[in-house]
RNA sequence: CGGGAGAUGUCAGAGUGGUCGAAUGUGCCGGUUUUGAAAACCGGUGAGGGUCACACCUCCGGGAGUUCGAAUCUCCCUCUCCCGGCCA
């Protein structure tokens, strides 16, 4: 959640930043008014409560002293009656404020490039040259057919479209990748976690998926549980409503989980192959950092993900997202896009974001600095998306006959 | 799923209607003492809101209720532990 006090006190600056993320001024003015109304309603209510408390204490003294309490009781009752509507007003004001505030995206960093959509993202650098093929490289679904790696039809039979089954060598490759990613992350200091694949609504709100993006999530019927869309949710929320010691920062975590997304609004996009599935595997990095240090942690995470791609011999580029392409919770995001020779284009394989204190406010993750409790910064990033790495290996390591080499670093895992 | 017990501050654990945001111990921070450390002693130490700072308001698992007044009484829910059943 955004800092409402900051919005209140620096409205022009704050609204300019949010407008770049597509929020219009009237919404922000409304938010500002709702915040002011809530403060006013609370002030009135609290004054009334204070009065009530004072009289109640007197009441006790009167009774012990054997004094007549009739007059006092009348006063107390009258005040109580006056308090009821104030209470209701404050409750309504709070509800109104949070319904708007929780739907407000994060402030983008000042360094985020201008732009409306992914075409305006800025390429920072390319790593590794795409190799030239002496034949026309095939797309991964063609290669899958030759090698019998992915069973699309039976995946659909078991579930529905956008589900698939990995078979034989492909399935072993997936397992090898997960282990390789986890081991590499561990070497960089990320502690491995194995977490629940379902989280409750409070956690989803903590990281920003709820309440606004409920339609993208799979909900368990009859329970307050959702299938996680990314391990960012459970890993970040491990510290939900906790206060960390400053010396324990940064907390570096990694974990493998399947991810479940409805992909609502993606109809017609990437319908062939396993680029966009309702269920996919991912190894995630999450960091909880001191606000002064989150920038360095962010760079370290980008480098780690990029190094993994390099170790796999996969050409990629590092891209900084522009305002328009930035996600809801992110203040700044760098995507890693891997080269797919079959598709003849770069495709996202990792997305690393610094949410600053946005998720920390929602999830109440703080640290103790001296006597004060301050919000931490939270960061997350894929290292890496497993399914898309399989696609990248298939397309980059293919031979003319359609057979696929296994990258050297993975051989000991297979 | 059935039976029983419970949920309080970092943790442990008192508190059964007012003077309780909450004893005591422990942990942590600071100090005294010490060549240094330990021990001992002294002081500080929950969270959120509000304020320039106070005042003040809220929070004893969550929600509703009784009462002038609830950690304490009533109801519902959730969770934890023990016993039994079932089971990877």
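Numbering (my numbering), first residue to last: 1 to 414.
For every residue, glycine included, the Cβ atom is placed at its ideal position computed from N, Cα and C.
| Within the chosen definition, does the stretch 332-346 reach the stretch 313-321 through at least 3 CB pairs nearer than 8 Å? | yes
| request: Decide if the stretch 134-144 is in contact with the stretch 373-380; the criterion is three or more beta carbon pairs, one per stretch, under 8 Å apart. | output: no
| Thinking C-alpha only, which one of 250, 265, 243 and 411 is nearest residue 372? | Within the first chain, the letter at position 372 stands for residue 372. It is 243.
| Taking just the CA atoms, how far does residue 384 sit from residue 283? | For the purposes of this step, residue 283 is taken as residue 283 along the first chain, with counting starting at 1. For the purposes of this step, residue 384 is taken as residue 384 along the first chain, with counting starting at 1. Using only the alpha carbons, I get a separation of about 5 Å.
| message | Taking its Cβ as the centre, do 16 or more other Cβ atoms sit within 10 Å of residue 25, making it buried, or is it exposed? | response | As a first step, residue 25 must be located in the first chain, where it is residue number 25. Exposed, by the Cβ-count rule.
| said: To the nearest angstrom, how far is the alpha carbon of residue 45 from that of residue 219? | reply: Within the first chain, numbered from 1, the residue matching residue 45 stands at position 45. Within the first chain, numbered from 1, the residue matching residue 219 stands at position 219. Their backbone Cα atoms lie some 38 Å apart in a straight line.
| query | So what does residue 254 bridge to, in DSSP terms? | reply | Here the question's residue 254 lines up with position 254 in the first chain. 192 and 285, per the DSSP bridge assignment.
| message | What residue range does the beta strand (DSSP E) around residue 319 cover? | response | As a working mapping, residue 319 is identified with position 319 in the first chain. It spans 316-320 - the beta strand (DSSP E) in which residue 319 sits, taken as one unbroken run.
| query | Looking at the unbroken alpha helix (DSSP H) that takes in residue 415, where does it start and where does it end? | reply | Since the first residue shown for the chain is 1 and the last is 414, residue 415 is missing from the structure and cannot be characterised.
| message | Mapping the DSSP letters down to three states, classify residue 344 as helix, strand or coil. | response | Taking the first residue of the first chain as position 1, residue 344 is located at position 344. Residue 344 falls in the coil class under three-state DSSP.
| query | Taking the alpha-carbon positions, what's the residue 162 to residue 265 distance? | reply | Locating residue 162 in the first chain gives position 162, where the first residue counts as 1. Locating residue 265 in the first chain gives position 265, where the first residue counts as 1. One C-alpha to the other measures close to 14 Å.
| Does DSSP put residue 381 in a helix, in a strand, or in coil? | Numbered from its first residue, the first chain carries residue 381 at position 381. Reduced to three states, the DSSP call for residue 381 is strand.
| Is it true that the CB of residue 130 sits closer than 9 Å to the CB of residue 120? | As a working note, residue 120 is residue 120 in the first chain. As a working note, residue 130 is residue 130 in the first chain. In this structure, residue 130 does not lie closer than 9 Å to residue 120 by Cβ.
| request: State yes or no: is the C-beta of residue 305 within less than 9 Å of the C-beta of residue 350? | output: Translated into the one-based positions of the first chain, residue 305 becomes position 305. Translated into the one-based positions of the first chain, residue 350 becomes position 350. Going by C-beta atoms, residue 305 is nearer than 9 Å to residue 350.
| field | CB-CB length for residue 199 against residue 251, believed under 8 Å | value | The sequence position of residue 199 within the first chain is 199, counting from 1. The sequence position of residue 251 within the first chain is 251, counting from 1. No, residue 199 and residue 251 are not in contact; Cβ-Cβ is about 18 Å, not under 8 Å.
| task | Go through its chain and collect everything with a Cβ distance to residue 395's Cβ below 8 Å, but skip five positions before and after it. | result | Residue numbering aside, residue 395 sits at position 395 when the first chain is read from its first letter. Taken in chain order, the residues that qualify are 137, 138, 139, 140, 143, 340, 341, 342 and 343.
| request: Would you check if the stretch 349-365 and the stretch 163-173 touch, i.e. whether three or more CB-CB distances between them fall below 8 Å? | output: no
| field | For residue 399, the three-state DSSP class (helix, strand or coil) | value | Position 399 of the first chain, counted from the start, is the residue given in the question as residue 399. Residue state, collapsed to three classes: coil.
| task | Note the first and the last residue of the continuous alpha helix (DSSP H) segment covering residue 304. | result | To locate residue 304, count along the first chain from 1; it is residue 304. Counting along the chain, the alpha helix (DSSP H) containing residue 304 begins and ends at 294-311.
| query | Relative to the alpha-carbon of residue 93, which residue among 37, 290 and 148 has its alpha-carbon at the smallest distance? | reply | Reading the first chain from its first residue, position 93 is the one you call residue 93. Looking at the Cα atoms, 37 is the closest of the given residues.
| said: I'd like to check one pair, residue 329 with residue 359: are the Cβ atoms closer than 9 Å? | reply: Along the first chain, one-based indexing puts residue 359 at 359. Along the first chain, one-based indexing puts residue 329 at 329. Yes, they are a contact pair.
| task | Inspect the beta-carbon positions of residue 280 and residue 288 and report whether they are closer than 9 Å. | result | In the first chain, residue 280 corresponds to position 280, counting from 1. In the first chain, residue 288 corresponds to position 288, counting from 1. Result no, Cβ atoms of residue 280 and residue 288 do not sit closer than 9 Å.
| request: Can you tell me the Cβ-Cβ gap for residue 97 and residue 11, rounded? I've got them flagged as a contact below 8 Å. | output: By one-based count along the first chain, residue 97 stands at place 97. By one-based count along the first chain, residue 11 stands at place 11. Actually they are not in contact, since the Cβ atoms of residue 97 and residue 11 sit about 16 Å apart, beyond 8 Å.
| request: Would you check if the distance between the CB atom of residue 367 and the CB atom of residue 290 is smaller than 9 Å? | output: For the purposes of this step, residue 367 is taken as the residue at position 367 of the first chain. For the purposes of this step, residue 290 is taken as the residue at position 290 of the first chain. Against a cut-off of 9 Å, the Cβ pair of residue 290 and residue 367 comes out as a contact.
| So residue 375 is in the beta strand (DSSP E); what residue range does that whole segment cover? | In the first chain, counting from the first residue as 1, residue 375 sits at position 375. Residue 375 -> beta strand (DSSP E) spans 372-375.
| message | Rounded to whole angstroms, what is the Cα-Cα separation between residue 118 and residue 320? | response | Mapped onto the first chain, residue 118 falls at position 118. Mapped onto the first chain, residue 320 falls at position 320. If I take the Cα positions, the gap works out to 10 Å.
| request: Could you pull out every unbroken alpha helix (DSSP H) segment of at least 4 residues lying fully inside the stretch 71-122, listed in chain order? | output: none
| request: Measure from the alpha carbon of residue 43 to the alpha carbon of each residue in 4, 105, 83 and 70, then state which is nearest. | output: Taking the first residue of the first chain as 1, we reach residue 43 at position 43. Closest option to residue 43, Cα to Cα, is 83.
| message | In whole angstroms, give me the CA-to-CA distance for residue 224 and residue 111. | response | In the first chain, counting from the first residue as 1, residue 224 sits at position 224. In the first chain, counting from the first residue as 1, residue 111 sits at position 111. Approximately 39 Å between the Cα atoms of the pair.
| Beta-carbon proximity list for residue 61, same chain, < 6 Å, skipping 5 on both sides | Here residue 61 corresponds to residue number 61 of the first chain, with the count starting at 1. Hits under 6 Å: none found.
| query | What residues are listed by DSSP as bridge partners for residue 332? | reply | Within the first chain, the letter at position 332 stands for residue 332. Looking at the DSSP assignment, residue 332 forms a beta bridge with 354.
| message | Less than 9 Å between the C-beta atoms of residue 107 and residue 14, yes or no? | response | By one-based count along the first chain, residue 107 stands at place 107. By one-based count along the first chain, residue 14 stands at place 14. Yes, the Cβ-Cβ distance between residue 107 and residue 14 is below 9 Å.
| query | By a C-beta neighbour count over all protein chains shown, 10 Å radius and 16 as the cutoff for buried, is residue 407 buried or exposed? | reply | Here residue 407 refers to the residue found at position 407 of the first chain. Under this definition residue 407 is a buried residue.
| query | Do residue 318 and residue 380 come within 9 Å of each other at the CB atom, strictly closer than that value? | reply | Translated into positions along the first chain, residue 380 becomes position 380. Translated into positions along the first chain, residue 318 becomes position 318. Their beta carbons are not under 9 Å apart, which means residue 380 does not touch residue 318 by this criterion.
| said: The alpha helix (DSSP H) that contains residue 11, what's its start and end? | reply: As a first step, residue 11 is located in the first chain; it is residue number 11 there, counting from the start. Start and end: 11-19.
| Collapsed DSSP secondary structure at residue 362 in the structure displayed | As a working note, residue 362 is residue 362 in the first chain. In this structure, residue 362 counts as helix in the three-state DSSP scheme.
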